[in-house]
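Enquirer: First the structure, then my questions, so here it is.
There are 2 protein chains.
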Amino acid sequence: MSRPIRTRRQATLASLAAELGVSRTTVSNAYNRPDQLSPELRRRVLETARQLGYPGPDPVARSLRTRKAGAVGLLLTENLSYAFRDPVALGVLEGIALACEDSGTGLQLLPAGPGNEDVSTVHKAGVDGFIVYSVPDDDPHLSGVLQRPVPTVIIDQPLIDGVDRVGPDDAAAMTAMANHVVELGHRSIGILCMRLSQDRNDGPASMLRQHQAHYHTQRTRLDALATTFGNVGVEWSTVPVIERFDHTVADGATAAAELLDANPEVTALICTSDILALGALEEAHRRGLRVPADLTITGFDGIADAQRAGLTTVHQPVQDKGHAAGSLLLNPIRKTSTVPGSTQVITLDTELKIGTTSAQPRTTEQHWFGP
Amino acid sequence: MSRPIRTRRQATLASLAAELGVSRTTVSNAYNRPDQLSPELRRRVLETARQLGYPGPDPVARSLRTRKAGAVGLLLTENLSYAFRDPVALGVLEGIALACEDSGTGLQLLPAGPGNEDVSTVHKAGVDGFIVYSVPDDDPHLSGVLQRPVPTVIIDQPLIDGVDRVGPDDAAAMTAMANHVVELGHRSIGILCMRLSQDRNDGPASMLRQHQAHYHTQRTRLDALATTFGNVGVEWSTVPVIERFDHTVADGATAAAELLDANPEVTALICTSDILALGALEEAHRRGLRVPADLTITGFDGIADAQRAGLTTVHQPVQDKGHAAGSLLLNPIRKTSTVPGSTQVITLDTELKIGTTSAQPRTTEQHWFGP
DNA sequence: AACTGCTTCTGAACCGTTACGGTTCCAGAC
DNA sequence: GTCTGGAACCGTAACGGTTCAGAAGCAGTT
């Protein structure tokens, strides 16, 4: 098996047609609509194509004419390494890929990492639609995508008028978790959260920063916590919230250390992701704190490692999320909807999973009689 | 933020030029060569574009003219789920993605799963090149790729004349492993290997099947074992080789069980992948066999879990492998090579990692006095 | 006055294909 | 002998850009 020799000038459908003395249409039909010409002629066309080294119709020219690229673009404002290492991102990616596979569509990963200010990659991508995953609402790539006249589906965040969205009900899910912790009797809590905006801030997140967060998901989760704990008399401004730019177990551990150092009275650590919670768990062990006896720790996402660790968390079906987004984009149910501008929103079920890392605080009174 | 209202008919570069009373060239330049027109005119062009809802030059039309798609295709004849679950595949994928990110190129995952007989997805992909990863040498998608007049790089397998390739020296690496096991004194060995061909065969792989294997990598590794052990008097035809179609830890375990049931005299289990070896390890523990005292087990690849388990294995830099393939495709060093048809081959370094799962057989003589 | 050089803009030729709406031909029906 | 209908094939017009050679205008130089 060896590669065909390239002729001086690539053969085209037109040159092949000329060679055969037939019209271009006929050659095109030989490839795309075999029933439109006699088997004999078709055989001749294909045979001559082979001799001339004609590789078949050019995909780009075809795309131009048919207005179909046969691929969707995935925008993820994150280093691609992250997408391949973070279990949640990987699950979503897998779900999307599955949906694409189902419909025979390509999935194009767009290079739009943090360092990449160049939006042109979005403008140059020949795709029939976009899936946007976990992007801050002020991202330039995102506005580039929205300018393109192709359908777009956003996963999780941001929430944009007129754009389809797939995601869990973060507010409800986090409220359920907050209620769980409240019911256990915790009133002295601390929060670990993921990146709130593009500018790195590893440390406490002020109230202002929380409200101005460009990552919608994180903001919603914090709001839900603030509301629920506010209802039982916990003043949110007194609740320590520690932010981490990078999303790793190690960062979760340092965040927990930072929080516990400054607020040793805390009886429950609520984390906006499992990864951070697993880090907190590590840090708790390092300090000799028993979980949940001395410290309650909760996560969010329901990744495999969390289940293994018995973490109390909110499970969300990450793979389904990706698959739903892909299906929404690829299966044009939208055609049935009479209103052209109608937006579809798919809300995914979440489930509060109570594990072995949450329990009543050791002495509920401790807070009142303080040191 | 909301989407621009779509006009009756999408504006094009031509309609925009007409509206402005300038030539198409000028509009094109406004987007692609700002220095070619006065700032004032450029501002007007962009402003009018905004008013008309013109989304900028169509990427497909641009690609047709410039003969650049800005993306490379990844062919992987495997369910995409596999690519996202298998640590080796994931590492390779990450490496490729990194290389693409470096050069601002998109990475298009082609849907070419096992069930997908349709080669048209390969023909329809508008890409500037292909990376082929771990594909059997008789795969129809592969020949589709090779027909396309774009550069192609193959990772691992198959080995095709005139096509660039990136991969380890499997023969040398496996020979090193075989020598290690030979030097420990093992003469009664068993082999667990991955899929040899597209047709499922979970069980013993006959000599014929081994020789006809369509997965070049597996064949090479087996050949290396056969040669090395042949040199010390072990007749290869007597060595049990158990094949598994799916590549999971569970399959490794059942393969080990199958082999050990039929060949209890075996003192060393050489596996062609870490995943299979980890399964074998599980099965050995289940049977109460001590590793390495009762049974030596070796792997191949050097994944993280293997390191954690102390597995004796051959480490190969999977991420580098992907990155090298991407770089080879994207950085056209090829231009410097005078011979147009010259082929580049990058061979990656491997390293024999001796862990805690290999040791001398308990009684080397056992084999000679055997039952 | 002719020449040079620079900036700014234009005209026309592609890029390779498919959609659309035909025309031609011929067998069989009437 | 005309009509009908289907199979086979064709010509033209997009699809939406980029690119290159040059034209026009104008200031400065010799």
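Chains X and R, in that order, are what the protein sequence lines are.
FYI, my numbering numbers position 275 of the first sequence as 275, with every residue one higher than the one before it.
Plus 1000 on top of the position in the second sequence (first one is 1) and you've got my numbering.
Glycine is no exception: its CB is placed at the ideal position from the N, C-alpha and C atoms.
Just so you know, these numbers come straight off a predicted model, no measurement behind them.
Should ASP1138 of chain R be labelled buried (16 or more other beta-carbon atoms within 10 Å of its own) or exposed?
Expert: exposed
Enquirer: Kindly indicate the opening and closing residues of the beta strand (DSSP E) around ALA268 of chain X.
Expert: 268 to 271
Enquirer: Roughly how many whole angstroms lie between the Cα atoms of HIS123 of chain X and HIS214 of chain X?
Expert: So the alpha carbons of these two residues sit roughly 23 Å apart.
Enquirer: Flag this pair as yes or no: are the beta carbons of ARG209 of chain X and LEU196 of chain X separated by less than 7 Å?
Expert: yes
Enquirer: Within a Cβ cutoff of 6 Å, which residues of the same chain sit near TRP306 of chain X, ignoring the five residues on either side of it in sequence?
Expert: The question names Trp, but residue 306 of chain X is Ala in the sequence shown. The answer, listed in chain order, is ASP274, GLY299 and THR313.
Enquirer: I'd like to know whether the C-beta of ALA1097 of chain R is nearer than 7 Å to at least one C-beta of chain X.
Expert: yes
Enquirer: Quick one: grab the DSSP three-state call for VAL181 of chain X.
Expert: helix
Enquirer: In this structure, does DSSP put ALA17 of chain X in helix, strand or coil?
Expert: helix
Enquirer: Measuring CA to CA, which of X:LEU225, X:GLY326, X:ARG67 and X:PRO136 is closest to ASN179 of chain X?
Expert: X:LEU225
Enquirer: Kindly identify the DSSP beta-bridge partner or partners of VAL132 of chain X.
Expert: X:LEU75 and X:ILE154
Enquirer: By Cβ distance, which residues of its chain are closer than 7 Å to TYR31 of chain X, with the 5 residues on each side in sequence left out?
Expert: So the list reads GLY56 and PRO57, once near-sequence residues are dropped.
Enquirer: Distance check for ALA11 of chain X and GLU22 of chain X, CA to CA, integer angstroms please.
Expert: According to the sequence shown, residue 22 of chain X is Val rather than Glu. Distance between the alpha carbons of VAL22 of chain X and ALA11 of chain X is about 15 Å.
Enquirer: Going by C-alpha distance, which of X:PRO292, X:THR77, X:ASP164 and X:ALA304 is nearest ILE346 of chain X?
Expert: X:ASP164
Enquirer: Counting only C-beta atoms, is GLN344 of chain X closer than 7 Å to chain R at any point?
Expert: Put simply, the CB of GLN344 of chain X is far from chain R, with every gap to its CB atoms at 7 Å or more.
Enquirer: Decide if PRO114 of chain X is buried, meaning its Cβ has at least 16 other Cβ atoms within 10 Å, or exposed.
Expert: Exposed is the call here.
Enquirer: GLN1108 of chain R bridges to which residues according to DSSP?
Expert: Answer by DSSP bridge pairing, in chain order: X:GLN108 and R:GLY1073.
Enquirer: Can you list, in chain order, the residues of the region 1123 to 1153 of chain R whose Cβ is nearer than 7 Å to any Cβ on chain X?
Expert: HIS1123, LYS1124, ALA1125, GLY1126, LEU1146, GLN1147, ARG1148 and PRO1149
Enquirer: Pair every Cβ in the region 1077 to 1092 of chain R with every Cβ in the region 60 to 79 of chain X, then say whether three or more of these pairs are closer than 8 Å.
Expert: no
Enquirer: For LYS353 of chain X, which of helix, strand or coil comes out of DSSP?
Expert: strand
Enquirer: Please report whether the beta-carbon of ALA171 of chain X lies at a distance below 7 Å from any beta-carbon of chain R.
Expert: no
Enquirer: Which term fits ARG1362 of chain R, buried or exposed, when burial requires 16 or more other beta carbons within 10 angstroms of its beta carbon?
Expert: exposed
Enquirer: State buried or exposed for HIS1211 of chain R, treating a residue as buried only when at least 16 other CB atoms are found within 10 Å of its CB.
Expert: exposed
Enquirer: Could you tell me the alpha carbon to alpha carbon distance between TRP236 of chain X and ALA173 of chain X, rounded to whole angstroms?
Expert: 19 Å
Enquirer: Is it the case that the Cβ atoms of ALA125 of chain X and LEU142 of chain X are separated by a distance below 7 Å?
Expert: No, the pair does not count as a contact, with Cβ atoms beyond the cut-off.
Enquirer: Can you find the residues in the same chain that come closer than 6 Å, C-beta to C-beta, to TRP1368 of chain R, ignoring five residues on each side of it along the sequence?
Expert: Annotation note: pLDDT 43 at TRP1368 of chain R (below 50); position unreliable, coordinate value reported separately. Taken in chain order, the list of residues that qualify is empty.
Enquirer: Could you check whether the Cβ of LEU49 of chain X sits closer than 7 Å to any Cβ belonging to chain R?
Expert: Checking the sequence, you will find Ala at residue 49 of chain X rather than Leu. Chain R, which has no Cβ nearer than 7 Å to the Cβ of ALA49 of chain X, makes this no.
Enquirer: Helix, strand or coil for ARG1195 of chain R, going by three-state DSSP, please let me know.
Expert: coil
Enquirer: Can you find a C-beta in chain X that's less than 7 Å from the C-beta of SER1358 of chain R?
Expert: no
Enquirer: Which value, in whole angstroms, describes the spacing of the CA atoms of VAL1027 of chain R and ARG1062 of chain R?
Expert: Their Cα atoms are separated by approximately 14 Å.
Enquirer: Which residue marks the beginning of the beta strand (DSSP E) containing THR313 of chain X, and which one marks its end?
Expert: Note, THR313 of chain X: beta strand (DSSP E), 313 to 315.
Enquirer: I'd like to check one pair, VAL1132 of chain R with ILE1160 of chain R: are the Cβ atoms closer than 7 Å?
Expert: no
Enquirer: Which chain R residues sit within Cβ distance under 7 Å of VAL60 of chain X?
Expert: VAL1060, SER1063, LEU1064, ALA1069 and GLY1126
Enquirer: Mind listing the chain R neighbours of ASN116 of chain X? Cutoff is C-beta to C-beta under 8 Å, in chain order.
Expert: Taking the beta carbon of ASN116 of chain X as reference, the chain R residues within 8 Å of it are GLU1101 and GLY1104, listed in sequence order.
Enquirer: Note down, in chain order, all residues in the region 21 to 40 of chain X with a beta-carbon under 7 Å from any beta-carbon belonging to chain R.
Expert: Listed by position along the chain: nothing, the set is empty.
Enquirer: Please identify the residue among R:THR1267, R:VAL1181 and R:THR1066 whose C-alpha is closest to the C-alpha of LEU1289 of chain R.
Expert: R:THR1267
Enquirer: Out of curiosity, what's the CA-to-CA distance linking THR1350 of chain R and ALA253 of chain X?
Expert: 34 Å
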